[in-house]
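Adding 138 to a residue's 1-based position in the sequence shown gives its number in our numbering.
Below is one structure, written out as structure tokens, with a few remarks after it.
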Amino acid sequence: MLRRAFLCLLLPFVASAPLHAQQGTAVSARFASIKGVVMISTPGGGTKEVHKGDTVRSGTIIECGAGAGASLKPLPTLHIIVYPDTKVRFDGADVNGDGGGSVMCTIIAGKALFHIDQPPQGPGDSKPAVPVIKVTVVTDEGVIVNNVGGKPGQSEAGTPDDKAGSRQITAATWTVQHDEGRTVVAVSEGLSNVSIGKGAAAGSGEVGGQVKVPQGSVIWLFNRDGKISAELVDTNTGKVTNLTGGPSSGNSLVEQSKNQLVSPSSGGTTSTPGSTPGTPGTLPNNPSSNPDLSTPQKPLPVVSADTP
């Protein structure tokens, strides 16, 4: 019954157009901060160590070893924090004249945090249009898409909000962690659309379906003998839903999911280098220690000796 209900809710995944085909100007991304040794490999085969202020072009692989981390800024209000023991490919970015744009990257292994700043508030009760930002993250188990901004009264870059017509999604914070055979998407702020299926297959539309992962929820994607299974955890209610049939993992997955969430407004918790996965660790909350994050309005995780 649950599997049948899930199938009825599946949305067909429309593959994103190549970045060069979208409106906007193709841009490189700048490293706002570096901790430890961070290496990049370019499409041409060259490998070098990068430093704060260096730029990275599309197709470049970023690799952070143990104890290393990096903060990448591809758009004016988008920050990408690359954790230790992580390999990410920056697939490209477009920027529009209004400050919005689109970014795509692939997590080959490890964990990255994505944060889109809350825009300044308009005078009084006015709700100005917020530049649309689309972030697409690909792993072996799925494709994660976040849309932020748009006209007032819209929540998903042009999609009418189905819960409150006056609400906008204007800021977002989420993490994506990919290990062998598993992807975990934790949405601390905003809303993620996750297409279930191998990343390579998702590009051709061969996916198991698309689900919405709202704020405070975590979706776990498992590759079991070539078949992708998914469990959605609402940490606010403790509800665990197996989206692809079979029993759920129950309370054990709820506790693990809570440790995946990061709150930029309060510092939050996450796994720190050298600690046991799932063990909470305090994120630094002093943005002045990383001025290249353009003085974010909320305390953000910054690259440090403890957490990237």
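Even glycine gets a Cβ: it sits at the ideal position worked out from N, Cα and C.
Three or more beta-carbon pairs separated by less than 8 Å are not found between the segment 210-217 and the segment 184-192, which leaves the two stretches without contact.
In this structure, GLY237 sits away from GLY162, with a CB-CB distance that is not shorter than 8 Å.
Counting only runs of 3+ residues, the beta strand (DSSP E) found wholly inside the segment 335-399 occupies 347-352, 355-362, 365-372, 377-380, in chain order. Look at PRO222 here: in three-state DSSP terms it is coil, with no helix or strand label. Here SER179 carries a strand assignment [DSSP, helix/strand/coil].
The DSSP assignment places no complete run of the alpha helix (DSSP H) inside the segment 181-259 (cut-off: 4 residues). In this structure, the CA atom of ALA247 is about 8 Å from the CA atom of GLU318. Here DSSP, grouped into helix, strand and coil, assigns THR277 to coil. As the crow flies, the alpha-carbon of GLY354 is around 20 Å from that of LEU216. Beta-bridge annotation (DSSP): THR313 is paired with LEU251, ALA324.
The Cβ atoms of GLU279 and THR321 sit closer than 8 Å to each other.
Per DSSP, reduced to three states, the secondary structure at ILE307 is coil, with no helix or strand assignment.
About 21 Å separates the beta carbons of PRO181 and GLY203, which is beyond the 8 Å limit, so they are not a contact pair. Here VAL351 is near SER330, since their CB atoms are less than 8 Å apart.
Between VAL176 and LYS249, the alpha-carbon positions lie close to 15 Å from each other. Per DSSP, SER166 lies in no beta strand (DSSP E) and is assigned neither H nor E.
For VAL378 against LEU391, the beta-carbon gap comes to about 6 Å, under 8 Å, which counts as contact. Here the alpha carbon of ASN361 sits roughly 34 Å from the alpha carbon of VAL165.
At a Cβ-Cβ threshold of 8 Å, ALA309 and ILE254 count as neighbours. For VAL283, the beta-bridge partners assigned by DSSP are THR274, ASN331. Excluding residues up to 5 positions away in sequence, GLY205, ALA206 lie with their Cβ nearer than 6 Å to the Cβ of GLY174 in the same chain.
Apart from the 5 residues on each side of it in sequence, CYS243 sits with its Cβ closer than 7 Å to the Cβ of VAL226, ARG227, PHE228, ASP229, VAL275 in its chain, given in chain order. Under the three-state reduction of DSSP, SER401 is assigned to coil, being neither helix nor strand.
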